[in-house]
Structures are given as C-alpha cells and as structure tokens.
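Below: one structure, written as structure tokens.
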Amino acid sequence: MAVTLPASHKDLFDKPAFGAFTTLMPDGSPQTTPVWVDLVDGKVLVNTAVGRQKDKNVRRDPRVAVTLQDPQNPYRYLEIRGKVDEITTEGATQHIDKMAKKYIGQDKYPWARPGEQRVLIKITPEKFHTMG
C-alpha cells in the first residue's frame, strides 16, 4: 500500500540530499550504497547501471529502504521503506543527466562507462519515518 510523503520533509528531494539505499543480499544481509535520489509521481527513483550489486539485489528481492539526510542539518532525515515495483532502462540515461545537474551542477553525467546501460529503479513507498 502506497503512502503519502510527509510535507515536512518533501524539500529533501529538491536539494542535493544524498540517499543511503539499502537492498538485501542473497543471504539476507543488508547492502547499503550512497545514491542520488529523485521523486516522480510519488515514486522514489534511484538510478544505477545494469549488473551492479543493487541492480542484482532488487531484481531478486524488491524490499528496500532509502534514507535521505538533510545536507544542512544531519539530524534531520527521511527514511522510506518500500518495494521496487519497476526496473526500466527507459529514460534512465536522461534521468542520470538530470541527477548530475542537481547533485554536481553538470549537464551530463561525467562517469559513464563505455557500454554501460543505465537503469531506473522505481520504488513505491510503504512507510515513512522522519526526524528533525
């Protein structure tokens, strides 16, 4: 069941607030990676490349968590728990360029590797927890 993002912390998606993205490894242990995060039509978006560990993990187990920490106040954060309901390459290259503009002020994502295929992970939030 999708839930509504608390208005008090929606601004974290408008600033370059890094996310800690947690997925589950095959043995059930957590794997956390810092990521750029976006919110589109109520879905939390994480962009990665096909074949990376987080991509493999969410294809096997869709349960995830993302925590965004306010860059101006580290004691203010938003935790999102949910499930991946779509993994797509459609629009992923354009999206990583959008995130590069937001997070590092560049029009084009500068770390693309030859042959790399970008993928968007779309998460439906099921629970929010806020602090600060």
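Using this note's numbering, read the sequence shown as starting at 7 and increasing by one per residue. Heads up, the beta-carbon is just placed ideally off N, CA and C, and yes, glycines get one too. Because the structure is a prediction, the values reported are computed rather than measured.
Classify residue i as buried or exposed, calling it buried when 16 or more other Cβ atoms lie within 10 Å of its own Cβ.
i, result
"alanine 13", "exposed"
"lysine 114", "exposed"
"proline 116", "exposed"
"isoleucine 129", "buried"
"lysine 21", "exposed"
"valine 90", "buried"
"proline 32", "exposed"
In terms of residues, what are the limits of the beta strand (DSSP E) holding residue i?
i, result
"glutamine 75", "69 to 76"
"glutamine 37", "36 to 41"
"aspartate 91", "79 to 94"
"glycine 25", "25 to 30"
How about residue i and residue j: do their beta carbons lie closer than 8 Å?
i, j, result
"proline 40", "threonine 28", "no"
"valine 43", "leucine 11", "no"
"leucine 126", "histidine 15", "no"
"alanine 106", "valine 72", "no"
"arginine 87", "methionine 137", "no"
"aspartate 67", "alanine 23", "no"
Round the Cβ separation of residue i and residue j to the nearest angstrom and send it over; I've been treating them as touching at under 8 Å.
i, j, result
"valine 9", "phenylalanine 134", "6 Å"
"arginine 3", "threonine 95", "The structure shown has nothing for residue 3, since the chain only spans 7 to 138."
"histidine 101", "asparagine 53", "5 Å"
"arginine 58", "leucine 30", "In fact, because the Cβ distance is near 15 Å, the residues do not count as touching under 8 Å."
"alanine 55", "aspartate 47", "The pair is not a contact, with the Cβ atoms about 23 Å apart (cut-off 8 Å)."
Three-state secondary structure (DSSP) at residue i?
i, result
"tyrosine 109", "helix"
"threonine 99", "helix"
"aspartate 44", "strand"
"valine 64", "helix"
Checking contacts by CB at 8 Å: is residue i closer than that to chain B?
i, result
"glycine 88", "Absent from the structure is chain B; it holds one protein chain and no more."
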